[in-house]
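Report on one structure; see the data block that follows.
There are 2 protein chains.
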Amino acid sequence: MDDKRFNERYEQYRAAVEDYLDSLFTGSAPWKTLYDAMRYSVLSGGKRIRPVLTLECARLCGLEDWRLALPFACALELVHTYSLIHDDLPCMDDDELRRGKPTNHVVYGETMATLAGDALQPEAYRLIAEAEGMTDGAKLNAVRALARASGADGMVAGQVLDLTDYGRDRETLTTLCDRKTCFMIKGAAELGCAAAGADAERTAALGKYASLLGLAFQIRDDLLDVVGDEATFGKPIGSDKGEGKNTFADLLGVEGCAREVRRLTDEAVAALSGIEGGEFLTVLARRLAERDK
Amino acid sequence: MDDKRFNERYEQYRAAVEDYLDSLFTGSAPWKTLYDAMRYSVLSGGKRIRPVLTLECARLCGLEDWRLALPFACALELVHTYSLIHDDLPCMDDDELRRGKPTNHVVYGETMATLAGDALQPEAYRLIAEAEGMTDGAKLNAVRALARASGADGMVAGQVLDLTDYGRDRETLTTLCDRKTCFMIKGAAELGCAAAGADAERTAALGKYASLLGLAFQIRDDLLDVVGDEATFGKPIGSDKGEGKNTFADLLGVEGCAREVRRLTDEAVAALSGIEGGEFLTVLARRLAERDK
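Chains A and B, in that order, give the protein sequences.
Count the first sequence with our numbering and you get residues 1 to 293, in order.
Count the second sequence with our numbering and you get residues 1001 to 1293, in order.
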């Protein structure tokens, strides 16, 4: 798949996700501030990798109209967004900038930011439960996949490890990253598979691809944190290192990180070998491995 | 239904709920602190009115083994628990005591309390999705009911109104209480109806009962806040009034509150008129209206 066709499809997915997200929390209500705070973070850009992954996995697994998977894709993006809002809170990472913009609590205050994050979770499950054109079985698989990806043994577990006095050798850092980042990226693939009613084998293969992609993504992130510059990366350089916590860059060095990203990316692409039409995901993995922001 | 039989059934439900909740988040994991923080609040007692309501509605609507509805009942209780943990945070009500015990963040710190609340939400949906002996349709009705009860137009909307500069005349206070309290109590009834596959008419009747019960409960709460004493009620008297916000006690007076609780309770009981076997719910409503803690 050449660059032009990849870009066209990515942009088609991304634009559909933005439109869908933009349709949410728009009514008027005495609690409109809550909607505003939710929309501020939901619509604050980002690459939309997770929902794009959901939509492409749905298409790849045979869902004729990939747009039917938009509620699933955006549900996971809402959960991802709540996690960013809460991660930035003073009692967590205490960050004032995210993607070059003031964080939610800087704009709306700590109380409203906490509540905006809290409300995004049930709204995600509502989107799944109310999705049109999806079978009950598909919806329940999606609920299960999202709940596991983001729950007490998933994303939140990773955040706990990140914020507590957890060891930071390579093994523990991989566990941390797996829970905090990879579970949700794998979940995004699983939601796409659920939407298309994919079988267990295909779901496992795409889940493996996504998991490896997630780890490569995080290592590339750590690397960019060291070699990138604040302007292109949108957050203060070394902001994750400030508290003396090891990152992959500390453990593996710049060259070691680059090597590991290549290795994981190759492995991710290899996981697609049994799946016809995986070119888009192959290019996606290569692109993420080479990204500089 | 006499007191003895009511008490026996209530206690049977309550004990089953405690056992079920006690079975959750027990494994060993590097993030065990998270489990501990979740369990601390999940198992901190309380009357378990919501899950009892779910179980009784399931039984009343024909679910032969009400124990099959335990995952639904406890899912809503987990969401209720997350809301208590977050409500107590310094950036919310900043309370140090709940039911006479130190609040979650006092024991586990603000970071872990926030994360414990965050993790309880997906775990609730996981319980529903993985419930044994429930049809896909029942599970999805439960997901939908829980998401609506606790989402951006439900419980969180109520919390936003409670914490922002919202008017406090009788109408606005009723809206606030409806979203913050009644939606979840109504949701509890709906989850029971979902478990039993009840039809729309019966679900609406039990939802109406629960909603009125919720409002009576809140008014009784405000009343007890004025006339109760700290020892029996478990929280500092007047703690909700400290910030100069009107409660029903301010608006209606002690006598007016008592009258309104009686009126709402009668209305709740009347909503059960078309339902055979509603004696337990009738007694429950009367008990809550007369409770002194």
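Built from N, CA and C at the ideal position, the CB exists for glycine as well.
Among the options, nearest to residue i - alpha-carbon criterion
{"i": "A/V17", "options": "A/F6, A/L68, A/L63", "result": "A/L68"}
{"i": "B/T1181", "options": "B/A1198, B/F1025, B/A1189, B/G1214", "result": "B/G1214"}
{"i": "B/M1092", "options": "A/D94, A/C74, A/M92, A/T114", "result": "A/T114"}
{"i": "A/G187", "options": "A/G151, A/Y20, A/H86, A/V283", "result": "A/G151"}
{"i": "B/P1090", "options": "B/S1083, B/T1081, B/H1105", "result": "B/H1105"}
{"i": "A/G100", "options": "A/G46, A/N246, A/G133, A/D221", "result": "A/G46"}
{"i": "A/Q218", "options": "A/T265, A/T203, A/R202, A/D19", "result": "A/T265"}
{"i": "A/V143", "options": "A/L191, A/Y108, A/S83, A/L212", "result": "A/L191"}
{"i": "A/E171", "options": "A/L163, A/T247, A/Y125, A/T203", "result": "A/T247"}
{"i": "B/S1041", "options": "B/T1033, B/A1075, B/T1054, B/I1085", "result": "B/I1085"}
{"i": "A/D222", "options": "A/M134, A/L251, A/R14", "result": "A/L251"}
{"i": "B/D1153", "options": "A/L146, A/Q159, A/P30, A/A285", "result": "A/P30"}
Contact list for residue i against chain A, beta-carbon separation under 7 Å
{"i": "B/K1139", "result": "L140"}
{"i": "B/H1086", "result": "T114, D118"}
{"i": "B/L1091", "result": "The residue asked about is misnamed: residue 1091 of chain B is Cys in this sequence, not Leu. Within chain A, the residues near B/C1091 are E110, T111, T114."}
{"i": "B/V1106", "result": "The contacting residues do not exist; B/V1106 stays about 13 Å from chain A at best."}
{"i": "B/A1198", "result": "Result: empty, since nearest Cβ-Cβ is about 17 Å, beyond 7 Å."}
Same chain, Cβ closer than 8 Å to residue i, neighbours up to 5 away in sequence not counted
{"i": "B/E1130", "result": "P1071"}
{"i": "A/E267", "result": "L212"}
{"i": "B/A1200", "result": "none"}
Contact set for residue i: own chain, Cβ-Cβ below 6 Å, skip 5 residues either direction
{"i": "A/N141", "result": "A194"}
{"i": "A/A196", "result": "A58, C61, G62, L63"}
{"i": "B/L1161", "result": "L1176"}
{"i": "A/V156", "result": "none"}
{"i": "B/R1014", "result": "R1048"}
{"i": "B/A1124", "result": "A1075, L1078, V1079"}
Chain B residues whose Cβ lies nearer than 9 Å to that of residue i
{"i": "A/Q12", "result": "Those within 9 Å of A/Q12 in chain B number zero; the least Cβ separation is about 28 Å."}
{"i": "A/M38", "result": "A1152"}
{"i": "A/V42", "result": "Chain B residues near A/V42: none, gap ~11 Å exceeds 9 Å."}
Secondary structure of residue i, DSSP reduced to three states
{"i": "B/R1126", "result": "helix"}
{"i": "B/P1102", "result": "strand"}
{"i": "B/L1053", "result": "helix"}
{"i": "B/L1043", "result": "coil"}
{"i": "B/L1206", "result": "helix"}
{"i": "A/L97", "result": "strand"}
{"i": "A/K241", "result": "For A/K241, the predicted structure reports a pLDDT of 47, less than 50, and the residue's modelled location is therefore unreliable. The matter cannot be settled from this model."}
{"i": "B/N1246", "result": "coil"}
{"i": "A/L176", "result": "helix"}
{"i": "B/D1292", "result": "coil"}
{"i": "A/G197", "result": "coil"}
{"i": "B/I1085", "result": "helix"}
{"i": "B/A1029", "result": "coil"}
{"i": "B/I1185", "result": "helix"}
{"i": "B/C1091", "result": "coil"}
Chain A contact residues for residue i, given Cβ-Cβ distances below 9 Å
{"i": "B/S1150", "result": "D118, A119, Q121, P122"}
{"i": "B/K1144", "result": "Residue 1144 of chain B is actually Arg in this sequence, not Lys. By Cβ distance, chain A contributes Y125, R126, A129, E130."}
{"i": "B/T1175", "result": "P30"}
{"i": "B/A1189", "result": "Correct list: empty, because the minimum Cβ distance to chain A is about 18 Å."}
Amino acids of chain B, ordered along the chain, whose beta-carbon sits closer than 7 Å to that of residue i
{"i": "A/T164", "result": "T1033"}
{"i": "A/S161", "result": "The sequence shown places Leu at residue 161 of chain A, not Ser. Here the neighbours are P1030, W1031."}
{"i": "A/D136", "result": "D1136, G1137, L1140"}
{"i": "A/F25", "result": "A1152"}
Sequence-distant residues of the same chain with beta carbon closer than 7 Å to residue i, five excluded per side
{"i": "A/G277", "result": "L60"}
{"i": "B/F1280", "result": "M1001, F1006, R1009, E1056"}
{"i": "B/A1025", "result": "The sequence given here places Phe at residue 1025 of chain B; Ala does not occur at that position. Excluding positions up to five away in sequence, the list reads Y1035, M1038, R1039."}
{"i": "B/S1273", "result": "none"}
{"i": "A/F233", "result": "Confidence at A/F233 is low in this model, with a pLDDT of 49, below 50, so its placement is unreliable and no value can be given for it."}
{"i": "A/R50", "result": "L76, E77, H80, M184, I185, A188"}
{"i": "B/Y1166", "result": "T1172, L1176"}
{"i": "B/L1043", "result": "L1021, D1022"}
Chain B residues whose Cβ lies nearer than 8 Å to that of residue i
{"i": "A/V283", "result": "Within chain B, no residue comes near A/V283; the closest Cβ sits about 32 Å away, beyond 8 Å."}
Chain A contact residues for residue i, given Cβ-Cβ distances below 8 Å
{"i": "B/L1298", "result": "Outside the displayed range of chain B (1001 to 1293) lies residue 1298 of chain B, so it cannot be described from this structure."}
{"i": "B/F1006", "result": "Per Cβ cutoff of 8 Å: no residues; B/F1006 is ~33 Å from chain A at best."}
The ligand COA heavy atom lying under 7 Å from the CB of residue i
{"i": "A/A129", "result": "With respect to the ligand COA, the structure offers nothing, as it holds no ligand at all."}
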